[in-house]
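Peer 1:
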Amino acid sequence: MPYYRAVGELPRKRHIAFRRPDGGLYAEELMGEEGFSSDSSLLYHVNLPTAIVRSEPVEAPADGAEVRPNQPLAPRHFRTGKLPAGGDLVLGRQVLAANADVTIGYVRADAPSPLYRDSAGDEVVYLQDGAARFESSYGALDVAAGDYVVVPTGTIHRWVPTGGPVTALTVEARGHVRPPRRYRSAYGQLLEHAPYSERDLRGPTEPLVAEGPEAARETPVLVRTRGGLTRMTFAHHPFDVVGWDGYLYPYAFSIHDFEPLVKRVHAPPPVHQTFEGPNFVICSFCPRPLDFHPEAVPIPYNHHNVDSDEFMYYVGGDYAARRGSGIDVGSVSLHPAGFTHGPQPGAVEASLGKTHTTETAVMVDTFRPLGLGAAALAVEDSGYAWSWAR
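Position 176 (the sequence shown) corresponds to 1253 in this note's numbering; numbering is contiguous.
(1) Output the distance between the C-alpha atoms of residue 1319 and residue 1084, rounded to the nearest integer angstrom.
(2) Would you call the region 1151 to 1168 in contact with the region 1223 to 1233, where contact means no fewer than 3 C-beta pairs closer than 8 Å?
(3) For the putative contact between residue 1426 and residue 1395, defined by C-beta atoms under 8 Å, what is the C-beta separation to the nearest angstrom?
(4) Going residue by residue through the region 1394 to 1455, where are the continuous alpha helix (DSSP H) segments of at least 4 residues, counting only ones entirely within it?
(5) Tell me, to the nearest whole angstrom, how far the beta carbon of residue 1388 is from that of residue 1411; I am working on the premise that it is less than 8 Å.
(6) Sort 1207, 1357, 1295, 1156 by Cα distance to residue 1200 and report the nearest one.
(7) Any idea what DSSP makes of residue 1284, helix, strand or coil?
(8) Pairs of beta-carbons, one from the region 1092 to 1111 and one from the region 1264 to 1278, closer than 8 Å: are there three or more?
(9) DSSP puts residue 1063 in a beta bridge; with which residues?
(10) By Cβ distance below 6 Å, which residues in the same chain neighbour residue 1241 in space, the five residues on each side in sequence not counted?
(11) Give every residue of the same chain whose Cβ lies closer than 8 Å to the Cβ of residue 1191, excluding the five residues on either side of it in the sequence, and list them in chain order.
(12) Could you tell me the distance, in whole angstroms, from the CA atom of residue 1081 to the CA atom of residue 1111?
(13) In angstroms, rounded to a whole number, what distance separates the CA positions of residue 1402 and residue 1086?
(14) So what does DSSP say about residue 1319, is it helix, strand or coil?
(15) Return yes when the Cβ of residue 1330 is within less than 8 Å of the Cβ of residue 1278, no when it is not.
(16) Between residue 1423 and the rest of its own chain, which residues show a CB-CB distance below 8 Å, the 5 nearest in sequence each way excluded?
(17) Quick one: any contact between the region 1243 to 1251 and the region 1173 to 1190, if contact means 3 or more CB pairs under 8 Å?
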């Protein structure tokens, strides 16, 4: 995280005796990245965060993270709206694409999730529709359509839909996700040229402490590591943190708070970058004024990203560059390295003189090839690859 936060009760200094009302000591837990050499937070628990009573293997969901290569090589279009709904925001995820660095999934959840800890990497969950309460050992966040929720590695949390099903794109990293380095000062502050600021990032504001019988009850937590899933049962409910401080915590950022950068002529996708992860980036394409040079072509030119696969999730508005190709809200396009992609035939001429775009889309660019998940292949538009030749 780019700035410091303090929530709840804290002692004057770190690592000194901090006593509960009954005279016992609160238990410290340091959550830190890169072996004490990067961002961290210090949490104060009522009970020992180390006290577990059982650990059992869990069979991964049937779809798992197994993918097949994108062979024969082709651009792809997946209609996520045709995927089955149901389940929760953790176990209900259906894998669309994955590689060694990231797994990208889709879920339409209608039930609360179990308590969950992803210890393989950070997660970014983009809510395309619906609303939910994100509950964690750091506190709670109320999130809704348009919100990205960034969940640091190792955070115990759960998702509770509020008011109906939640449709989301899930990005599971094998490492840490941060604001792009070029947006930050040497000390972590977001700079004036960044497309968002610290004021746009919403973190927990108060502790979330389980009470009554729930607090003392043995509590299972689903834990993901690179080796698979485990159900670890804690002696007490892990939501027992009375205070914490530091730079590491879950937070929400609305795509509607992203401030697009525009040029006189068409700007490349890096101007839309929102987050960076290990060997991938996440970009936000938002409604904005189009290029304002009198002779500008205000839609993307044909391009061939020789080092990356482009995964685009269309979440709102009208993506004029691909009008007529079948792309619509809920679509995912995958344009792989090895293929040149660009506007639909006739789109360049139709765009001339346009002054604004209403598109909203989330893009994940990976720097290693993405394999295809069974869920994506089940809803593929088989004619998409030939749409430029129509």
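Here a beta-carbon is modelled for each residue, glycine too, at the ideal position from N, C-alpha and C.
Peer 2: Here's the rundown:
(1) 8 Å
(2) Contact between the region 1151 to 1168 and the region 1223 to 1233 is absent, with fewer than three C-beta pairs closer than 8 Å.
(3) Contact flag wrong, Cβ pair sits at about 17 Å.
(4) 1424 to 1428, 1451 to 1455
(5) 5 Å
(6) 1357
(7) Reduced to three states, the DSSP call for residue 1284 is coil.
(8) The region 1264 to 1278 and the region 1092 to 1111 do not touch, with fewer than three beta-carbon pairs separated by less than 8 Å.
(9) This structure cannot settle anything about residue 1063, because the visible part of the chain is limited to 1078 through 1467.
(10) 1207
(11) 1165, 1167, 1168, 1235, 1297, 1298, 1299
(12) Cα to Cα, the separation comes out at about 18 Å.
(13) 56 Å
(14) strand
(15) yes
(16) 1401
(17) yes
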